[in-house]
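Chains as they are written, first to last, in the working numbering: chain A, 14 to 376; chain B, 14 to 376.
We put the CB at the ideal spot given by N, CA and C, even for glycine.
Down below is the structure, laid out as structure tokens.
Protein chains: 2
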Amino acid sequence: MGQQPHVTLDDVARAATVSLATASRVLNGTARVRADLRDRVLAAAEDLAYTPNAHAQALAGASSQVMGVICHDVSDPYFAGIARGVMRAATEHDLQVIMGSTFRDPAREVAYVSMMRGQRVRAVLLIGSGFEDRGWQEEMRRELGLYTAAGGRVAAVSRHRGLRIDSVLPENRAGAAALARALLDLGHREFAVLTGPRALTTVVDRLGGFTDALAEAGVTLAADQIVEGAFTRDGGYAAATELLGRGLRATCVFASTDVMAVGALAALRDHGLTVPADVSLAGFDDIPIIRDLTPSLTTVALPLEDLGKGVLELILRPERTARSRIERVPGTVVLRASTSAPPERKRRRTLPDSPLTELRPSP
Amino acid sequence: MGQQPHVTLDDVARAATVSLATASRVLNGTARVRADLRDRVLAAAEDLAYTPNAHAQALAGASSQVMGVICHDVSDPYFAGIARGVMRAATEHDLQVIMGSTFRDPAREVAYVSMMRGQRVRAVLLIGSGFEDRGWQEEMRRELGLYTAAGGRVAAVSRHRGLRIDSVLPENRAGAAALARALLDLGHREFAVLTGPRALTTVVDRLGGFTDALAEAGVTLAADQIVEGAFTRDGGYAAATELLGRGLRATCVFASTDVMAVGALAALRDHGLTVPADVSLAGFDDIPIIRDLTPSLTTVALPLEDLGKGVLELILRPERTARSRIERVPGTVVLRASTSAPPERKRRRTLPDSPLTELRPSP
DNA sequence: GCGCTTTCAGTAAGCGCTTTCTGGCGTACG
DNA sequence: CGTACGCCAGAAAGCGCTTACTGAAAGCGC
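This is how it looks when you write it as structure tokens:
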């Protein structure tokens, strides 16, 4: 149980009877070294199971092989999908990943950037919408400024207000518009929307694209048919419940994310509605599981893994211009079983205004 | 765009007109420092937005604040749940996390341990079953040995053959046995099992516990009713399809994991069977989504987040004994809509032996 | 054959911290 | 009043690397 220290480059050099510098050069391939010396070094390193001390390397000026990734919640399928792409690309490029989960706390996000600055990571990847609070935006701008000023690189999936950073942007606006048109084509004219926190760019874009496309078709969205909720399954459930409480006056509900749609589906069902017979439901993102729901969910498919792989590779490419680089990734409307033509007039009229009342036990 | 370097402790000391040593002591609270000096240092650090260089700290001997986490796939809901718990605990303890995703490649697992040794992480956390291959077990043992010999700590969720390491162990055997008894109580006597890769401890334990409990009730499991598949949704789908191809002779199917069960559910449905009317289906783990499936899945619930939090905190506790510490976490049987009493004899007899044939287009 | 360039191994100077050691000062005690 | 001691700030020695810089040997032209 003797606590033997780590094998150092010095040990390797000694074992190979060469100088420290030579050993370093061989191991990094930095310069030509006579074949026999090189072989001795390689053999010694192998023998001693030498692994360079990353801290020493970093301190001595070698470029960092560690990337920082910040997301809201690693267990959210949306982030998980993107994270998978990031990990895949990181593996391919021999990069390590420090993962940060903010649990949706803006203070934690700022703290992570600071900590990653301390770790001298090669780049920071922001996955998911930034926070709406003006104060935190300032904090982030300052913290990221400190980091980039010292040579750090920052990139994001999704738009960040007020931050000019490289990004891979899902085309939320166009995707939502395309979805709206597909829904109109099905015959729907009355819609409700379940959004996430209102000031997130993702939310604004998806809602905006959706309503714009409706407007083009001469359809308007009643204000009381838009409900804001948290970007979680339970947030979707709560939002849908709220909508039902207000009185559902729509033949089709659009949830800003699939995760919310999953909750909404449960809420609609719990309140006695059948999807899509009574009401159609659509989401956004195409997280894997929604294919297996009953009914399978209509959505706007985003290539989540590619998004992750994309940011990582975007940030790896050396920048030529001072302007931030933006890569747009389109979404694809996927019509599944949760959407259908709206119920016939007659049938719809028989629906209770608020199904909630129906469920209350009679006094 | 002048690439200004990072602020160093030296800058702080200079700004506060104290020595480097004093600044270090103040910032770390290592020793008493006169109040006015301390205030000056603190103010200077704040002013300059100083963040210590983690590499320099590590190199100079400060204990690492970084943990290494290795899992098979960050986007698998089982790992995602555990990872969430790990991240939560890490946040609470002010620890950073380097995440590794092996994509189920044993070579990558070994490579990650080596790299984490290079990063001098404080501990390595293995999430998920180890690999069955004897050769890779040897590789891992060697690599982990190198790491622990140098003072590293290792812990795991799930049993690792041949590796004596601290672990948080879900009670797979007892959980599966309890599930079997619950299923027997429902009236089932004929079972089929969809397992993951056979030599994984998790698989062995779950299958073993299940069959043991059946045996106790005098029920045996036909060999051809056990199908091995990959630990993925598609693996579950394929395994269930294989089972149907062989001829399903069971009123209840147990999938080793919920993820597989999701695939199995889809396969059963695609082949014209209704769950649970025609056949009951149960899984294991209780990943969040299965509550929202139709039918919602019966399972053995594991507190995934607690598992993650548990390993991290287990490894943080200083070890007293040389023996590996093991913390057992029980699972809870949760009966949901995917299981019911077996269909009545009469009805079952009318089912085709192999529904597959029915679906083939007539020639 | 002499002085030039070229090639390549070795020496040493940091990188930014922590921590031991040194030393100055103020207080308590003989 | 002088000596011993405690307290706390500063000087300096690394931690394990990378990378100039140094210098020895070898190859070349005249």
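- Counting only the Cα atoms, Val266 of chain A lies some 11 Å from Pro355 of chain A.
- Under the Cβ criterion of 9 Å, Ile83 of chain B is not counted among the residues facing chain A.
- Distance from the CA atom of Ser180 of chain B to the CA atom of Gly321 of chain B, rounded to whole angstroms, is 11 Å.
- In its chain, beyond the 5 residues on either side, Val181, Leu182, Pro183, Glu184, Leu315, Pro316, Asp319, Leu320, Gly323 have a beta carbon closer than 8 Å to the beta carbon of Val342 of chain B.
- Residue nearest to Leu257 of chain B within the set B:Ala205, B:Leu325, B:Ile140, B:Ser269 is B:Ala205 (criterion: CA-CA distance).
- Per DSSP, the continuous alpha helix (DSSP H) segment holding Phe92 of chain B begins and ends at 90 to 105.
- For Ala350 of chain B, the three-state secondary structure derived from DSSP is coil.
- Counted as a single uninterrupted DSSP element, the alpha helix (DSSP H) harbouring Ala277 of chain A occupies residues 271 to 283.
- When DSSP reads this structure, Leu72 of chain A sits in no beta bridge, so it has no partner.
- Beta-bridge partners of Gln78 of chain A (DSSP): none assigned.
- Three or more Cβ pairs closer than 8 Å define a contact, and the segment 75 to 89 of chain A meets that threshold against the segment 125 to 138 of chain A.
- For Thr307 of chain B, no beta strand (DSSP E) run applies, since DSSP gives it neither H nor E.
- In the pairwise beta carbon analysis, the segment 110 to 125 of chain A is classified as touching the segment 144 to 159 of chain A: at least three pairs are separated by under 8 Å.
- When C-beta atoms of the segment 153 to 164 of chain A are compared with those of the segment 121 to 130 of chain A, three or more pairs fall below 8 Å, so the two segments count as touching.
- Here Pro90 of chain B is buried: its Cβ has 16 or more other Cβ atoms, across all protein chains shown, within 10 Å.
- Judged by beta-carbon spacing, Ala274 of chain B lies within the 9 Å limit of Thr312 of chain B, meaning their Cβ atoms are closer than that value.
- The Cβ neighbour count for Gly248 of chain A, taken over all protein chains shown within 10 Å, is at least 16; the residue is labelled buried.
- For Ala263 of chain B, the three-state secondary structure derived from DSSP is coil.
- Put simply, of A:Ala193, A:Val46, A:Val347, A:Leu325 the residue whose alpha carbon is nearest the alpha carbon of Gly98 of chain A is A:Leu325.
- Contact annotation: in the segment 267 to 286 of chain B, residues whose CB is within less than 9 Å of a CB in chain A are Val275, Gly276, Leu278, Ala279, Arg282.
- In the DSSP assignment, the residues bridged to Ala169 of chain B are B:Leu139, B:Ser180.
- Within the same chain, Cβ atoms closer than 6 Å to the Cβ of Ala58 of chain B are found at Val25, the five residues on either side in sequence being excluded.
- Residue burial annotation: Gly141 of chain B is buried, with at least 16 other C-beta atoms found within 10 angstroms of its C-beta.
- Residue range 109 to 114 is occupied by the beta strand (DSSP E) that includes Ser114 of chain B.
- In the three-state DSSP reduction, Val342 of chain A falls in the strand class (E or B).
- In the DSSP annotation of this structure, Ile239 of chain A is not part of any alpha helix (DSSP H); the continuous beta strand (DSSP E) holding it starts and ends at 239 to 241.
- DSSP, reduced to helix, strand and coil, places Leu207 of chain A within a strand of the structure shown.
- Counted as a single uninterrupted DSSP element, the beta strand (DSSP E) harbouring Thr312 of chain A occupies residues 312 to 314.
- Collapsing the DSSP output to three states places Leu197 of chain B in a helix.
- Residue contact check for His68 of chain B against chain A: a CB pair falls below 9 Å.
- Judged by DSSP secondary structure, Ala295 of chain B falls within the beta strand (DSSP E) whose first and last residues are 293 to 295.
- Listed as beta-bridge partners of Ile83 of chain A by DSSP are A:Gly113, A:Leu139.
- The C-beta of Asp298 of chain B has 16 or more other C-beta atoms within 10 Å across all chains shown, which makes the residue buried.
- The beta carbon of Val292 of chain B does not come within 9 Å of any beta carbon belonging to chain A, so the residue lies off that interface.
- In the DSSP assignment, Thr215 of chain B falls within the unbroken alpha helix (DSSP H) covering 214 to 229.
- With respect to the 9 Å criterion, Arg262 of chain A and Ala235 of chain A are classified as neighbours on the basis of their beta carbons.
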